[in-house]
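Everything below concerns the one structure shown next.
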Amino acid sequence: MIADIIAKLIRFICGASLRGETKVPDQAVYFSNHTSHLDALLIWASLPKQTRQLTRPVAARDYWTRFPWRRWLAQNVFNAILIDRDRVTRQDNPVRHFIDALKAGASLIIFPEGTRNSHNDVAPFKAGLFHLARACKSVPLVPLHLGNLNRILPRGEILPVPFLSTISFGSALQLERGEAKPAFLTRTRNSVINLAHS
Amino acid sequence: MNLVIDIQTIQLVTGTGILLILATVVGRIMPRFATSEGATATVANFQARTRSWWVMVAVFALAMATGGIGSIILFGLTSFFALREFITQTSTKAADHRSLFWAFFVITPLQYYLIYVQWYGLFALLIPVYAFLFIPVRMAIAGDCENFMERLAKIQWGIMLCVFCISHIPAILMLDLAGYEGQNAKLLFWLVLVVQISDVLQYVFGKTLGRHAIAPKVSPNKTWEGFWGGTLAATGIGAALWWVTPFTPLQAAGMAFIVNLLGFGGGLTMSAIKRDRGIKDFGNMIGGHGGMLDRLDSLCFAAPIFFHVTRFYFSN
Chain D
1 MIADIIAKLI RFICGASLRG ETKVPDQAVY FSNHTSHLDA LLIWASLPKQ TRQLTRPVAA
61 RDYWTRFPWR RWLAQNVFNA ILIDRDRVTR QDNPVRHFID ALKAGASLII FPEGTRNSHN
121 DVAPFKAGLF HLARACKSVP LVPLHLGNLN RILPRGEILP VPFLSTISFG SALQLERGEA
181 KPAFLTRTRN SVINLAHS
Chain P
1001 MNLVIDIQTI QLVTGTGILL ILATVVGRIM PRFATSEGAT ATVANFQART RSWWVMVAVF
1061 ALAMATGGIG SIILFGLTSF FALREFITQT STKAADHRSL FWAFFVITPL QYYLIYVQWY
1121 GLFALLIPVY AFLFIPVRMA IAGDCENFME RLAKIQWGIM LCVFCISHIP AILMLDLAGY
1181 EGQNAKLLFW LVLVVQISDV LQYVFGKTLG RHAIAPKVSP NKTWEGFWGG TLAATGIGAA
1241 LWWVTPFTPL QAAGMAFIVN LLGFGGGLTM SAIKRDRGIK DFGNMIGGHG GMLDRLDSLC
1301 FAAPIFFHVT RFYFSN
């Protein structure tokens, strides 16, 4: 109920229009370009209600635990998997947590660029997506492209400014038999870039 | 702002309701005559537009029923969403973020607050003087010089169209008209009704009789036949409704003609912007119509001139 209202509110604030095939698989790994703290929220909010309840966004621990209300949202509404961004203090490999969540039946929202990108292009993908795809071969990978969210809440800004945004859904991919890591990462990255121009 | 709801207000709203019932009935009958694929699409769009009209009229009537404050909030939100659609189409940069924050969250609410407190002097100057000098300074402080003039001009014009111009619709409520005290809501209704009916009729005449495009490169659907048919018919309707305005029938006809001309100009200008940006609509908030700006384009241009002509000739 509360989650439903929050989802509607997020879509409204982001002025989001959904494009492409929004009928999504029961379980999936959603991956997209990353430009704003709103990204994971909008993807989560744009999924159908049933799917949304089982979908866990991957988010930065420091940002989402800074204030009690943020922590509450991350834990109770979005059911986020919080990860340490700082490699030095990080205890373990976050991909381990992703695989555990997938094995438990959840869907994931991840950003293979690894960090928010201030430019309009899509940065090269980190290897995490590949390891995830190899560990959970049966889970479809759904590419998404988010447009204009960086204008709503750019890197380093606290207050949002209203813009209309887009979220484009691509068709699901899978790791091909014998596909090498660089080829896979290039192919998945291109699937996101292609959605930007659709 | 003490507004009264008199018998004429109720007649206006009822009349509009009857028009919408007619449109709904026509929308139900039309599919029987639609044979081609294009005709079916036109009918579906007509039905979607009619459904949205019901919602818009209901919201508008409700806002009027609450007195001045409801209309001010309604058009304030309208400005906000229109500005969002407009700025989305401009090439602003990350450095403009805080200037835009001022535009959306300070300048826009302030402009409408000034209508609420009926401070005409500052209402008329806030945007063209204070905002238009403040925004460039704020942008210069942000420090990104690339395409500075272009970014600035687009933001300024967005504020002009979406906030300054649209705010002149509810500003009608603060006009002090001789022998018309407390009745300004009817004049507001009259303006919106005449301009919107002109839009609809220009579309209808254009679809049925349109041959000669006025500016084919901008909008092939806007024809001389549609323009004259719609403008003259809507001017006739505006004149026929003179009894809800402070005008004589002839004055009402003149006023209706002026706002219809401006409404056409607004529609054509917005079409040019959309064509340049390669988009069909500014948004999708209003089913069948497109975005807020797609519906408000004609009123944007009509409202400020209507406000000032009325103020100049009829105000105490």
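Protein sequences, first through last, are from chains D and P.
For the first sequence, position 106 matches number 106 in the numbering used here, and the numbering has no gaps at all.
Remember, the numbering used here sits 1000 above the position in the second sequence when you count from 1.
Ideal placement from N, C-alpha and C gives every residue a C-beta, glycine not left out.
No experiment lies behind these values; they were computed from the predicted model shown.
Residue i versus residue j - alpha carbon distance
i, j, result
"A1171(P)", "G1210(P)", "36 angstroms"
"L164(D)", "G1283(P)", "8 angstroms"
"S1071(P)", "G1179(P)", "22 angstroms"
"L146(D)", "D39(D)", "7 angstroms"
"H1289(P)", "V1026(P)", "18 angstroms"
"E1225(P)", "F1205(P)", "7 angstroms"
"I167(D)", "H97(D)", "26 angstroms"
"G1267(P)", "R19(D)", "28 angstroms"
"D1176(P)", "S1315(P)", "5 angstroms"
"T1108(P)", "I1087(P)", "14 angstroms"
"V29(D)", "T35(D)", "19 angstroms"
"F1132(P)", "P68(D)", "40 angstroms"
"K103(D)", "A1140(P)", "53 angstroms"
"F1264(P)", "S1198(P)", "9 angstroms"
"F1075(P)", "N1184(P)", "16 angstroms"
"G1236(P)", "G1229(P)", "11 angstroms"
"K126(D)", "L41(D)", "21 angstroms"
"N190(D)", "L1083(P)", "33 angstroms"
"P1249(P)", "T1310(P)", "15 angstroms"
"R116(D)", "R61(D)", "14 angstroms"
"A1023(P)", "A1234(P)", "17 angstroms"
8 angstroms Cβ cutoff, residue i in contact with chain P
i, result
"N148(D)", "yes"
"E157(D)", "yes"
Interface partners of residue i on chain P, CB under 7 angstroms
i, result
"G15(D)", "R1084"
"V161(D)", "H1097, L1100, F1101, F1104"
Element boundaries [beta strand (DSSP E), containing residue i]
i, result
"Y30(D)", "29-32"
"I110(D)", "107-110"
"P143(D)", "141-147"
"P162(D)", "Unbroken run through P162(D): none, as it is neither H nor E."
"L82(D)", "81-83"
"G20(D)", "16-20"
Unbroken alpha helix (DSSP H) run spanning residue i, endpoints
i, result
"S1099(P)", "1097-1102"
"T188(D)", "181-196"
"R134(D)", "128-135"
"V1195(P)", "1184-1209"
"V1043(P)", "1037-1065"
"R224(D)", "Residue 224(D) lies beyond the residue range present for chain D, which begins at 1 and ends at 198; the question has no answer from this structure."
"R1151(P)", "1148-1159"
"L1272(P)", "In the sequence under discussion, the amino acid at residue 1272(P) is Ala, which differs from the Leu named in the question. Counting along the chain, the alpha helix (DSSP H) containing A1272(P) begins and ends at 1249-1277."
"T1231(P)", "1224-1240"
"A7(D)", "2-13"
"P1109(P)", "1108-1116"
"R61(D)", "61-64"
"I1010(P)", "1007-1029"
Under 9 angstroms by beta carbon: chain D residues contacting residue i
i, result
"A1094(P)", "S118, N150, R151, P154, R155, G156, E157"
Under 7 angstroms by beta carbon: chain D residues contacting residue i
i, result
"G1283(P)", "L164"
"I1087(P)", "F163"
Inset, instruction - Spell out a yes or no on whether the segment 1011-1018 of chain P and the segment 1183-1198 of chain P are touching, meaning 3 or more CB-CB pairs, one atom from each, closer than 8 angstroms. - result: yes
Legend entry - Inter-stretch contact (C-beta, 8 angstroms, three-pair minimum) for the segment 129-143 of chain D and the segment 68-84 of chain D: no
Inset, instruction - Check whether the segment 101-113 of chain D touches the segment 54-62 of chain D, counting contact only when three or more Cβ pairs, one atom from each stretch, lie closer than 8 angstroms. - result: yes
Legend entry - the segment 1147-1164 of chain P contacting the segment 178-186 of chain D, beta-carbon criterion three pairs below 8 angstroms: no
Inset, instruction - Take every Cβ of the segment 1047-1059 of chain P, pair it with every Cβ of the segment 1106-1123 of chain P, and state whether three or more of those distances are shorter than 8 angstroms. - result: no
Legend entry - the segment 8-27 of chain D / the segment 43-50 of chain D touching (three or more Cβ pairs under 8 angstroms): yes
Inset, instruction - Say whether the segment 1286-1303 of chain P touches the segment 1052-1069 of chain P, bearing in mind that this needs 3 or more beta-carbon pairs closer than 8 angstroms, one atom from each stretch. - result: yes
Legend entry - At least three beta-carbon pairs within less than 8 angstroms, the segment 182-192 of chain D to the segment 1101-1117 of chain P: no
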